[in-house]
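Enquirer:
Laid out in structure tokens, this is it:
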């Protein structure tokens with residue numbers, strides 16, 4: 351039997367209150383169930399790593415492929431390709447100047463004679479001529495030198511009184527310096543085309559005013575005189591450059607050239623775009639029609655007429671650079687004059 355925790359009186363089993371002191375009896379604590387046995391934690395399996403790949407041997411090359419010869423009697427088949435060896439570097443010419451670096455320049459034309467090389471480069475919309483001398487000499491139009499490289503000397507002959515008078519009246523240059531030695535001579539850049547004539551000693555050519563640039567030492571330079579009427583109305587000027595002899599002649603044109611070979615025909619040109627002609631061609635200025643009034647009414651006026659047996663070089667269409675300068679050149683000059691004022 352149990353006793354009261356407060357007064358010590360004897361208690362019947364299951365009694366909730368003491369009969370002596372009347373106090374409630376505390377309830378007995380319920381037994382706590384034992385926790386179930388814990389399961390052992392699973393063991394972590396370490397990750398499996400495959401063995402690293404084995405390095406492969408580099409491919410073996412046994413030399414270039416071999417081509418078997420075609421069978422006999424099979425001549426119509428194309429031959430197998432052959433390996434062409436690289437060309438060997440050419441040795442420089444003794445005494446020649448070292449080539450200069452030309453980044454962005456494009457070689458468009460090249461001629462050589464008498465040990466002198468004439469080349470034309472296109473660079474930044476300009477065309478610039480280079481003359482390479484190897485102990486030779488060339489004649490160049492006065493005032494066209496841009497710069498030179500090498501051992502070069504320039505010589506100028508004194509003009510005669512008649513030449514000085516012609517130069518004063520016509521504004522044409524009668525003195526053309528001669529450059530000789532070993533090196534490179536560069537002429538001033540131009541927007542126009544640069545062309546060549548090859549003289550063989552049989553013909554004489556007459557160039558338009560201001561077209562001549564340079565020539566070989568085997569070329570003779572002269573002055574061709576036009577009649578007063580032709581020079582005044584034809585736009586060709588009174589004096590033009592005359593070239594003869596043998597060698598190369600470098601000249602400029604406002605655009606691409608068109609060759610017209612005359613065999614007794616007549617060539618009429620309304621304008622001054624005839625760049626050069628042979629000495630056998632007759633040049634004159636005529637009215638476009640028979641009457642002066644009819645010529646004025648037609649809008650053509652005077653035309654340049656070429657007749658005979660020979661060749662005329664025309665530049666009927668100026669290139670795009672000359673065209674742009676002609677259209678906007680006056681505007682550019684006006685802007686520069688305003689900016690300077």
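Numbering (our numbering), first residue to last: 351 to 691.
Beta carbons are placed, not taken as given, at the ideal position from N, Cα and C, and that holds for glycine.
Under three-state DSSP, which class holds residue 554?
Expert: Taking the chain shown and counting its residues from 1, the one referred to as residue 554 is at position 204. Coil.
Enquirer: May I ask which residues mark the beginning and end of the beta strand (DSSP E) holding residue 530?
Expert: As a first step, residue 530 is located in the chain shown; it is residue number 180 there, counting from the start. Here the beta strand (DSSP E) through residue 530 covers 528-537.
Enquirer: For the region 649-660 and the region 604-620, state whether three or more C-beta atom pairs, one from each stretch, are separated by less than 8 Å.
Expert: In short, these stretches touch, since the Cβ pair count reaches three.
Enquirer: What three-state label does DSSP hand residue 685 in the structure shown?
Expert: Looking up residue 685 in the chain shown gives position 335. Helix at residue 685.
Enquirer: If we call anything under 8 Å between Cβ atoms a contact, is residue 569 one with residue 532?
Expert: Translated into the one-based positions of the chain shown, residue 569 becomes position 219. Translated into the one-based positions of the chain shown, residue 532 becomes position 182. The answer is no: Cβ separation not under 8 Å.
Enquirer: For residue 544, does the three-state DSSP call read helix, strand or coil?
Expert: Locating residue 544 in the chain shown gives position 194, counting from the first residue. The answer is strand: DSSP assigns residue 544 an E or B state.
Enquirer: Measuring straight from C-alpha to C-alpha, what distance separates residue 671 and residue 665?
Expert: Counting from one through the chain shown, the residue named residue 671 turns up at place 321. Counting from one through the chain shown, the residue named residue 665 turns up at place 315. For residue 671 and residue 665, the distance between alpha carbons rounds to 14 Å.
Enquirer: Straight-line CA distance for residue 661 to residue 553?
Expert: Sequence index remark: in the chain shown, residue 661 carries index 311 (1-based). Sequence index remark: in the chain shown, residue 553 carries index 203 (1-based). C-alpha separation (whole angstroms): 11 Å.
Enquirer: How would you label residue 486, buried or exposed, when you count the other beta carbons within 10 angstroms and need 16 or more for buried?
Expert: What you label residue 486 is simply residue 136 of the chain shown in a count that begins at 1. Result: buried.
Enquirer: Provide the residue span of the beta strand (DSSP E) that contains residue 502, from first to last.
Expert: Taking the chain shown and counting its residues from 1, the one referred to as residue 502 is at position 152. First-last of the beta strand (DSSP E) with residue 502: 495-505.
Enquirer: The beta strand (DSSP E) with residue 473 in it runs from where to where?
Expert: Position 123 of the chain shown, counted from the start, is the residue given in the question as residue 473. Taken as a continuous stretch (DSSP letters only), the beta strand (DSSP E) holding residue 473 covers 466-473.
Enquirer: Which of helix, strand or coil does DSSP assign to residue 678?
Expert: Residue mapping note: residue 678 aligns to position 328 of the chain shown, counting from 1. Here residue 678 sits in helix by DSSP.
Enquirer: Please work out which residues of its chain come closer than 7 Å, Cβ to Cβ, to residue 653, disregarding the five sequence neighbours upstream and downstream, and give them in chain order.
Expert: Here residue 653 refers to the residue found at position 303 of the chain shown. Once the five neighbours on either side are set aside, the close Cβ partners of residue 653 are 618, 619, 620, 636, 638.
Enquirer: Determine, using beta carbons only, whether residue 563 and residue 625 come nearer to each other than 8 Å.
Expert: What you label residue 563 is simply residue 213 of the chain shown in a count that begins at 1. What you label residue 625 is simply residue 275 of the chain shown in a count that begins at 1. No, the Cβ-Cβ distance between residue 563 and residue 625 is not below 8 Å.
Enquirer: Say yes only if the C-beta of residue 610 is nearer than 7 Å to one or more non-hydrogen atoms of the ligand SAM, and no if none qualify.
Expert: Only the bare structure without any ligand can be found here, which leaves the ligand SAM out of the picture.
Enquirer: List the DSSP bridge partners of residue 565.
Expert: Along the chain shown, one-based indexing puts residue 565 at 215. 489, 599.
Enquirer: I think residue 540 touches residue 602, with their Cβ atoms under 8 Å apart; what is that distance to the nearest whole Å?
Expert: As a working note, residue 540 is residue 190 in the chain shown. As a working note, residue 602 is residue 252 in the chain shown. Residue 540 to residue 602, Cβ: 6 Å. Contact.
Enquirer: Taking only three categories from DSSP, how would you classify residue 330?
Expert: Examination of residue 330 is not possible in this model, given that the chain is present from 351 through 691 alone.
Enquirer: Taking all protein chains shown into account, do 16 or more other C-beta atoms lie within 10 angstroms of the C-beta of residue 468, making it buried, or fewer, making it exposed?
Expert: Taking the chain shown and counting its residues from 1, the one referred to as residue 468 is at position 118. Burial call: buried.
Enquirer: Which whole-angstrom value describes the C-beta separation of residue 543 and residue 605, a residue pair presumed to lie in contact below a C-beta threshold of 8 Å?
Expert: Within the chain shown, residue 543 is the residue found at index 193, counting from 1. Within the chain shown, residue 605 is the residue found at index 255, counting from 1. Confirmed, Cβ separation roughly 6 Å.
Enquirer: Do you know how far the Cα of residue 498 is from the Cα of residue 479?
Expert: As a first step, residue 479 is located in the chain shown; it is residue number 129 there, counting from the start. As a first step, residue 498 is located in the chain shown; it is residue number 148 there, counting from the start. Going by the C-alpha atoms only, they are around 12 Å apart.
Enquirer: If I measure Cβ to Cβ from residue 465 and keep anything under 7 Å in the same chain, skipping five residues before and after, which residues do I get?
Expert: Numbered from its first residue, the chain shown carries residue 465 at position 115. Only 484, 485, 486 meet the Cβ criterion.
Enquirer: In terms of residue numbering, what span does the beta strand (DSSP E) encompassing residue 525 cover?
Expert: Numbered from 1 along the chain shown, position 175 holds the residue referred to as residue 525. Segment: none, residue 525 is in no beta strand (DSSP E) and carries neither H nor E.
Enquirer: Rounding to the nearest angstrom, what Cα-Cα distance links residue 548 and residue 555 in this structure?
Expert: The residue you call residue 548 lines up with position 198 of the chain shown. The residue you call residue 555 lines up with position 205 of the chain shown. Taking the straight line from one Cα to the other gives about 10 Å.
Enquirer: What does residue 355 pair with, by DSSP beta-bridge criteria?
Expert: As a first step, residue 355 is located in the chain shown; it is residue number 5 there, counting from the start. Looking at the DSSP assignment, residue 355 forms no beta bridge with any residue, so it has no partner.
Enquirer: With 8 Å set as the bound, which would you pick, yes or no: does the beta-carbon of residue 504 sit closer than that to a beta-carbon of chain C?
Expert: Any reference to chain C falls outside this structure, which holds one protein chain only.
Enquirer: Hey, would you say residue 551 sits closer than 8 Å to residue 500, going by beta carbons?
Expert: For the purposes of this step, residue 551 is identified with residue 201 of the chain shown, where counting begins at 1. For the purposes of this step, residue 500 is identified with residue 150 of the chain shown, where counting begins at 1. Contact: no.
Enquirer: Quick check: residue 526 and residue 489, are their CB atoms within less than 8 Å of each other?
Expert: The sequence position of residue 526 within the chain shown is 176, counting from 1. The sequence position of residue 489 within the chain shown is 139, counting from 1. Yes. Within cutoff.
Enquirer: If you draw a straight line from the C-alpha of residue 628 to the C-alpha of residue 561, how long is it?
Expert: Indexing the chain shown from 1 puts residue 628 at position 278. Indexing the chain shown from 1 puts residue 561 at position 211. About 15 Å.
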